[in-house]
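First up is the structure itself, then whatever we jot down about it.
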Amino acid sequence: MSFSNLTRRGLMKTGAVAGAGLALPTYLSAASHSGFTNAPQGDTVTLGFNVPQSGPYADEGADELRAFELAVEHLNGGGDGGMLQTFSSKALEGNGIMGKKVQFVTGDTQTKSDAARASAQSMIQKDGAIMISGGSSSGVAVAVQGLCQEAGVIFMAGLTHSNDTTGKDKKANGFRHFFNAYMSAAALAPVLKNLYGDDRKVYSLTADYTWGWTQQESIQAATEAMGWETINDVRTPLAATDFSSYIAPVLNSGADVLVLNHYGGNMVNSLTNAVQFGLRDKQVNGKNFEIVVPLYSELMARGAGKNIAGIVGSQNWDWKLEDQLGARYTGTNAFVQSFGTKYGFPPSQAAQTCYAQTLLYADAVARAGSFNPCAVVEALEGFEFDGLGNGPTLYRAGDHQCFKDVVVVKGKENPENEYDLVEIVEATPAEQVTYDVDHPMFAGGELGNCNPGA
Amino acid sequence: MLGLNKKDLGVLLLVALLAMAAPILLNPFPADSGMAQFNAGYPDLMQRFVIFGIFAIGYNILFGLTGYLSFGHAAFLGVGSYSAVWMMKLLSMNVIPAILLSVIVAGLFSVVIGYVSLRRSGIYFSILTLAFAQMSFNLAYSVLTPITNGETGLQISLSDPRILDGANAPSYPNLFGAQMNSAATIDVGSWSFTFSVGYYLCALLMLVAFYISIRIFRSPFGLMLRAVKSNQQRMNYTGLNTKPYTLAAFVISGMYAGLAGGLLAAMDPLAGAERMQWTASGEVVLMTILGGAGTLLGPVLGAGFIKYFENIFSKINDNVLHGWFSFMPDGIEDFIITIIHPFVGKGWHLTLGLLFMLVVIFLPGGLVEGGQRIGRLFRRKKADTNTPDGTKTPAE
Amino acid sequence: MNILEVKNVNKRFGGLQALGNVNLNVAENTVHAIIGPNGAGKSTLLNCLVGKLIPDTGSVMFDGRSVLGRKPYEINQMGISRVFQTPEIFGDLSVQENMLIPCFAKRDGAFALNGYGSVGSQRDVIDKAEEMLVEMKLADKRHMHAASMSRGDKRRLEIAMCLAQDPRLLLLDEPTAGMARADTNNTIDLLKQIKEERDITIAIIEHDMHVVFSLAERITVLAQGTPLVEDTPDNIKGHPKVREAYLGESQDAA
Amino acid sequence: MDAILLQLLNGLDKGSAYALIALGLTLIFGTLGVVNFAHGAIFMIGAFCAVTLSKIFSLSHLASEPSGTDFLGKPKYDDVLYIKEWFGESAGAWMLDWSVPLSILFAIPVMIAIGFIMERGLIKHFYKRPHADQILVTFGLAIVLQEVIKYFYGANPIPTAAPEAFRGSFDFGVLLGFDPNAIIYPYWRLIYFAFSAVIIGGVFAFLQFTTFGMVVRAGMADRETVGLLGINIDKRFTIMFGIAAAVAGLAGVMYAPINSPNYHMGMDFLVLSFVVVVVGGMGSLPGAVLAGFLLGILESFASMNEVKNILPGIDQIIIYVVAIIILLTRPRGLMGRKGVMEE
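Protein chains in written order, with the working numbering: chain B, 1 to 454; chain G, 1001 to 1396; chain F, 2001 to 2254; chain X, 3001 to 3343.
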């Protein structure tokens, strides 16, 4: 072999290091003594922010990361404090978490379960992260949530909308602030009835994977309950980029509403195609043809451009909430102010969720007086809070899902700039979107017991 | 020894030594230093190094020896993972049946796909394998969700039957009770080294896989595979049937992929459909070419290279950069960070792409050739110092 | 005793009759040359013998067994080896490895999953290959990259590889095409030597009359896909039909 | 009947995108013998030419007087477009509206230049290298190109609208004697189809009827012989690379209004276009076009509900199923030549 020289050098070096290892007194690391994984040592605590940095959701990931950085700054006493000022719990003092300065590491989920888990593993195993947060798809959220459960750290989900995250795949160490498909449907149904009447025929296109199905199921159940009829539901491949062949038959199907259960690039393309085919200009059954996109983000609206005008959808939060709907949504303006000042544009709903999740975690630790995941879980379960921009909110103990008002939005006809693409139609109160823990759409999983790890 | 000649035995021992000492070698920087960012000696990444090493070693038996460029090997990896997770759901958390089944199922799968695809050669073969793998991925993501759990990926859950496991059996993949995620951390001064059960199991299997691959390379069978690459016409007119040779190579590499998939699931009980996507198939092609196709060590090096970038470079954010360069005056610090920024963190793909190009432009034989050049450089230096009159040999 | 018997073979490509009623008998332990102008169907006939093409009608018997419908590798295992017009060797492998492959094919048959023992441990095969290398004066090039050898050496290696299988019938397709005079003479000497030392039948397709008349014991002349004459070299030389159909025209062809 | 015709239109439309990309890919392969994994990225850059031109037209400066307050309560200044200041209100608005068609003029020199630089700077050195090396280096290039685009434009799709006049759809069926509303098709997609037909026809005519094309076709058939004739085939091949890049780039420009461009759209099309090229037969131009339309049409038919009800999920895999069937029944694709890319 031609590297014989290198080999010998390598051997000697290895030998020396191994020898040193044997000669020095060794001890097992502190983690195994404290009773839980990655107990913070010294005067810092490390959080792991795992967001998509490559792939189609990279911009959403970037926005999440901005929010995380802002939250860390506020926790450590920097900046204007943001929603710490308005948060109903006052356990946080701006001196880090329990006096330990907050540090963070970042990673790239690539919006793939495997890569997301690898990235989270490295945060847990290498960087000593005690909490993982972020992400922008349900597949990733469920995968990372499962990992955190096994590893014994807390997972504070980022943007994940599938019922499964806190349904059949729920885990004791995982918490979701974001709303879900059932809530979208429950919030949208009454608004849709007001806008479009109670006699409508729905044709839906659904992304052919778990999230798409749960959203379609939820929307169908909610709209049929108020008298609408679902005449067809067509599954579309995830890899599809051109939806013309799915859109073209819609007009002659007798339907007068098209529901697009797509997210990200899929939704941008399917909506663009639907508008191209002139669906929005048509009259069917004597009514205007309407398009509904149950979940869309600000970035998707931006990608769809003018096509988003007039499209009804739901959101977890919007930066104009407090201005338009009043003090119930206090915290919104404080957050928008500090985010806007730092970055120059208003935050997205993904940013707000990530910011809130970080604060909620820190607060739970402070209230529990311990970083032990089981203590944190106990502090978060059944926690009622306010002042994080969503109005009064409950972290339900039974499934670790947040219950709060859902915002119904509509694409603006004449947006002033690229951050002001939607207008708020109304906020559906939390009671209307609440469901039982054992609701059939969420059945099948067990929360299990909290796992503190080591 | 072991039926290998001295040179191969040397390579095997070198790899064994590196693999065994990896938890130390890959953590060269003290845990709290700024350079700790570059440490790769944590269980998950080390496991990925050796698992993807296995994948690439197997792929190299097909591509490196016969020259058949398969664009669908990720399908076998995925199938291996699904079989392993199902085994852990139904039978036992012990990883042995899981890994065995994953190898067998991937083997069967590759017999079928190989048999059909090998009816064609060249790019037509590549596209056939690609088509099969993409079909597997698309179906696994959507229609086959009852088997694969689609987007979310197949996971183990508390309610799984696990008929062989008793009430007190560990709830995590284990080898007769030794859990894959159990590890001992040893602190030496400010260095910290983690030795995990899972990694050593993977490393051991990688060594076995590597050993088998050396035996195949040096065997008459390996010679025939190289002959396939060189001249199929001559093979046919020398009384040799190329079809079973290529099929055997295809199936062996498929089984390697299945082993890798099974191990991925054993280390981390989740099987996601993305493992079967064409990008994943492309990744192993890149690993093999990048390291040096047809060489023994190349694929392992290539696998390590790509996984290192994916996991280490992607985590370098601006905060980390500021940490490194904080000793500099503000203006210069910001300037340097502005320059580095596009290449690290979310820009890790850019760096990877540039490195692909640089390696293939300047090192046509892959990383192994780079190693050989450095080796030659060392030898020449030594020779120079040995020349009595000290005259330098002119550069080539 | 005929080792190869071709009876009434016809082959059409679309509208073109490439072979029409070809009959050919090659006696054992002779050198039999097949000559004919370009397009006479020599290569088509050869391809029908080795399994690359299947005749539309007729039969091809080798040693009493039909070769029709068999794959090239099966026919080779029956005892027919073929040397190509441009040497077909394993260019990426060393000369020694090139030699080893036919030796393994001889010992292990068309396929053997012999993936565990190393090549170096198979003494019988190594020895056999070495013997051939020495015999064919290629031993000093043992470790050379086969592709980097001279054309003459490549030809020599290819013939050596064929002989290593101890074939009963050696088919040569214009073995001296494109060679310089000296190399051609070397090849003639080599083939003569082979003939003397072994029990082997050689069938040769050739353009070069010098080669044909130096080697052949019998000659078949092919024109427009049909055998014109079959006779000894001396008789062929003076045959009027041959002159008309072939030699007369071959001035510009050769 | 009208449903089938509608899907046929969709198929032709999709097929024309596939065919345009595959055409360049197979042209490069046929002339240069290079497997170009960066071809998808070239298509993507074409689409971003349209984005870039509309960004250039949208360059602006802030008005001197504030018009209100922004979301943080600070004074807000409106953007004033340079283009409207320079060319007047209506001409400026027209240019902005027509930025996609105008991008064609912008894209042709840009794409040809990119093609030249790629070929002279990189690909040239890989003619004699194994296909595996070509794949690795062009794949690396594809990653670099898309990351550069991502760095400047972000990962989010960027809406790029067609001119106002072509935005809607019209009743195509009435022209063919169907009932009103039976076949409604967007203007821009019909334009795309017509545009593709013109480009494809142009490329074929160019290769068929010019001396340049004749030499290139001869070179595709037998490079060495043409080289022996003393014709500088390399220079012509460089030009062919530029043309291939321009074709893919124009396909991208015109595609921008159909689906908002994003940085990874090239990768989405890469695998598909390779399947198209191979199904058509490596190095065969008519094969690539035929396979493009065939796969586009079959894909559209597979997504019809009537088909999906019988074979669930068929639209997920139709392309690959067809590719497998064709490659198994026709060893070299629809129109491939023997001996190309088989070693």
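Cβ atoms here follow ideal geometry from the backbone N, Cα and C, with glycine treated the same way. It should be emphasised that the depicted structure is a prediction, and the values quoted were computed from it without experimental measurement.
Quiz prompt | Under the three-state DSSP convention, the category B/V408 falls into | solution = Counting from one through the first sequence, the residue named residue 408 of chain B turns up at place 408. In this structure, B/V408 counts as strand in the three-state DSSP scheme.
Self-check item: Under 9 Å between C-beta atoms of F/P2167 and F/S2081
Solution: Locating residue 2167 of chain F in the third sequence gives position 167, where the first residue counts as 1. Locating residue 2081 of chain F in the third sequence gives position 81, where the first residue counts as 1. Yes.
Quiz prompt | Within 9 Å, strictly: CB atoms of B/N269 and B/A240 | solution = In the first sequence, residue 269 of chain B corresponds to position 269, counting from 1. In the first sequence, residue 240 of chain B corresponds to position 240, counting from 1. Yes, Cβ-Cβ distance for B/N269 and B/A240 is below 9 Å.
Quiz prompt | Same chain only: Cβ atoms within 7 Å of X/V3307, ignoring 5 sequence neighbours per side | solution = Here the question's residue 3307 of chain X lines up with position 307 in the fourth sequence. For X/V3307, where only same-chain residues beyond five positions count, the Cβ hits under 7 Å are F3301, I3314.
Quiz item: So, is the C-beta of G/A985 closer than 9 Å to a C-beta in chain X?
Solution: The structure shown has nothing for residue 985 of chain G, since chain G only spans 1001 to 1396.
Exercise. Check each candidate in F/L2171, F/R2155, F/V2009, F/D2124 and name the one with the smallest Cα separation from F/A2177.
Key: Position 177 of the third sequence holds residue 2177 of chain F. Minimum Cα distance to F/A2177 is reached at F/R2155.
Quiz item: What number of angstroms, rounded off, separates the C-alpha of G/N1174 from the C-alpha of B/L238?
Solution: Looking up residue 1174 of chain G in the second sequence gives position 174. Looking up residue 238 of chain B in the first sequence gives position 238. Using only the alpha carbons, I get a separation of about 35 Å.
Quiz item: Any idea if B/I463 is buried or exposed, counting beta-carbon neighbours within 10 angstroms, 16 or more meaning buried?
Solution: Nothing about residue 463 of chain B can be reported from this structure: the residues present for chain B run from 1 to 454 only.
Practice problem: Please list the partners that B/L325 has in chain G, where partner means a Cβ-to-Cβ separation under 7 Å. | Solution: If you number the first sequence from 1, residue 325 of chain B lands on position 325. In chain order: nothing, as chain G lies at least about 34 Å away.
Quiz item: By the 10 Å Cβ neighbour count, where 16 or more other Cβ atoms means buried, how is F/S2148 classified, buried or exposed?
Solution: Taking the third sequence and counting its residues from 1, one reaches residue 2148 of chain F at position 148. Flag for F/S2148 reads exposed.
Quiz item: So, are the CB atoms of B/G48 and B/I124 less than 9 Å apart?
Solution: What you label residue 48 of chain B is simply residue 48 of the first sequence in a count that begins at 1. What you label residue 124 of chain B is simply residue 124 of the first sequence in a count that begins at 1. Cβ distance < 9 Å, so B/G48 and B/I124 count as in contact.
Quiz item: Name the chain G residues whose beta carbon is nearer than 9 Å to that of X/L3141?
Solution: Numbered from 1 along the fourth sequence, position 141 holds the residue referred to as residue 3141 of chain X. Result: G1353, F1356, M1357.
Exercise. Identify whether G/Y1068 lies in helix, strand or coil by the three-state DSSP scheme.
Key: As a first step, residue 1068 of chain G is located in the second sequence; it is residue number 68 there, counting from the start. Of the three classes helix, strand and coil, the one that applies to G/Y1068 here is coil, per DSSP.
Quiz item: For B/T44 versus B/K100, is the C-beta distance shorter than 9 Å?
Solution: Translated into positions along the first sequence, residue 44 of chain B becomes position 44. Translated into positions along the first sequence, residue 100 of chain B becomes position 100. Contact: yes.
Quiz prompt | Chain-ordered neighbours of B/G265 on chain X, where CB pairs are closer than 8 Å | solution = For the purposes of this step, residue 265 of chain B is identified with residue 265 of the first sequence, where counting begins at 1. Near B/G265 (Cβ distances below 8 Å), the residues of chain X are P3157, N3262.
Quiz item: Using a C-beta cutoff of 9 Å, does G/S1253 count as contacting chain X?
Solution: Translated into positions along the second sequence, residue 1253 of chain G becomes position 253. By this cut-off, G/S1253 is not an interface position.
Quiz item: By Cβ distance below 7 Å, which residues in the same chain neighbour F/Q2085 in space, the five residues on each side in sequence not counted?
Solution: By 1-based counting over the third sequence, the position of residue 2085 of chain F is 85. Counting only Cβ-Cβ distances below 7 Å, and skipping sequence neighbours, we find D2173, E2174, A2177.
Quiz item: Rounded to the nearest angstrom, how far is the Cβ of X/G3336 from that of X/I3326, given a contact under 8 Å?
Solution: For the purposes of this step, residue 3336 of chain X is taken as the residue at position 336 of the fourth sequence. For the purposes of this step, residue 3326 of chain X is taken as the residue at position 326 of the fourth sequence. That pair is no contact at about 10 Å.
Quiz item: Is it the case that the Cβ atoms of G/R1226 and F/L2093 are separated by a distance below 9 Å?
Solution: Taking the second sequence and counting its residues from 1, one reaches residue 1226 of chain G at position 226. Taking the third sequence and counting its residues from 1, one reaches residue 2093 of chain F at position 93. Contact: yes.
Quiz item: Are any of the Cβ atoms in chain B nearer than 9 Å to that of G/E1333?
Solution: Numbered from 1 along the second sequence, position 333 holds the residue referred to as residue 1333 of chain G. G/E1333 does not count as touching chain B.
Quiz item: Among the residues of its own chain, which have a CB less than 6 Å from the CB of B/S184, if the five just before and after it don't count?
Solution: Residue numbering aside, residue 184 of chain B sits at position 184 when the first sequence is read from its first letter. Here the set comprises P294, L295, S314.
Quiz item: Of all the options X/V3137, X/F3106, X/G3030, which has the alpha carbon lying nearest to the alpha carbon of X/I3056?
Solution: As a position in the fourth sequence, residue 3056 of chain X is number 56, starting the count at 1. Checking every option, the nearest Cα to that of X/I3056 belongs to X/F3106.
Quiz item: Considering only residues of the same chain and omitting the five flanking positions on each side of G/L1118, which have a CB-CB separation below 8 Å?
Solution: Taking the first residue of the second sequence as 1, we reach residue 1118 of chain G at position 118. Around G/L1118: Y1068, F1125, K1243, T1246, L1247, F1250.
Practice problem: Compare the Cα-Cα distances from X/M3265 to each of X/S3103, X/P3157, X/V3110 and report the closest residue. | Solution: Taking the fourth sequence and counting its residues from 1, one reaches residue 3265 of chain X at position 265. Per the Cα distances, X/P3157.
Exercise. Could you say which of B/N266, B/A116, B/A356, B/L147 lies nearest to B/A67 if we only look at CA atoms?
Key: Reading the first sequence from its first residue, position 67 is the one you call residue 67 of chain B. Ranking the options by Cα distance to B/A67, first place goes to B/A356.
Self-check item: CB contact check: B/A129 to chain G, cutoff 9 Å
Solution: Numbered from its first residue, the first sequence carries residue 129 of chain B at position 129. Chain G, which has no Cβ nearer than 9 Å to the Cβ of B/A129, makes this no.
Self-check item: Selection of the stretch 208-221 of chain B by Cβ proximity to chain G, strictly under 9 Å
Solution: D208, Y209, T210, W211, G212, W213
Practice problem: Could you name each continuous beta strand (DSSP E) segment of 3 residues or more that falls completely within the stretch 1141-1228 of chain G, going from the start of the chain to the end? | Solution: 1183-1188, 1191-1196
Quiz item: Are the Cβ atoms of G/G1258 and G/S1070 separated by less than 9 Å?
Solution: Numbered from its first residue, the second sequence carries residue 1258 of chain G at position 258. Numbered from its first residue, the second sequence carries residue 1070 of chain G at position 70. Not in contact: G/G1258 and G/S1070 (Cβ atoms no closer than 9 Å).
Self-check item: DSSP beta-bridge partners of X/F3206
Solution: Working through the fourth sequence from its first residue, we reach residue 3206 of chain X at position 206. X/F3206 pairs with nothing; no bridge assigned.
Quiz item: Does DSSP classify B/C450 as helix, strand or coil?
Solution: Residue numbering aside, residue 450 of chain B sits at position 450 when the first sequence is read from its first letter. It is coil, neither helix nor strand.
Practice problem: My understanding is that B/N453 touches B/A151, with C-beta atoms under 8 Å, so please give their C-beta distance in whole angstroms. | Solution: Along the first sequence, read from residue 1 onward, the residue named residue 453 of chain B stands at position 453. Along the first sequence, read from residue 1 onward, the residue named residue 151 of chain B stands at position 151. Contrary to the premise, residue 453 of chain B reads as Gly rather than Asn in this sequence. Between B/A151 and B/G453 the Cβ distance is about 6 Å, and since that is below 8 Å, they are a contact.
Self-check item: Touch test, the stretch 1146-1162 of chain G against the stretch 139-153 of chain B, Cβ-Cβ under 8 Å, three pairs minimum
Solution: yes
Self-check item: First through last residue of the beta strand (DSSP E) which encompasses F/F2090
Solution: For the purposes of this step, residue 2090 of chain F is identified with residue 90 of the third sequence, where counting begins at 1. Premise fails: F/F2090 is in no beta strand (DSSP E) and is neither H nor E.
Practice problem: Please confirm whether X/V3275 and X/A3205 have their CB atoms less than 9 Å apart. | Solution: On the fourth sequence, residue 3275 of chain X is found 275 positions in, with the first residue counted as 1. On the fourth sequence, residue 3205 of chain X is found 205 positions in, with the first residue counted as 1. Cβ atoms of X/V3275 and X/A3205: not closer than 9 Å.
Exercise. Output yes if chain X places a C-beta closer than 9 Å to the C-beta of G/F1193; else output no.
Key: Start at 1 with the first residue of the second sequence, and residue 1193 of chain G comes out as number 193. Taking Cβ atoms only, chain X never reaches closer than 9 Å to G/F1193, which makes this a no.
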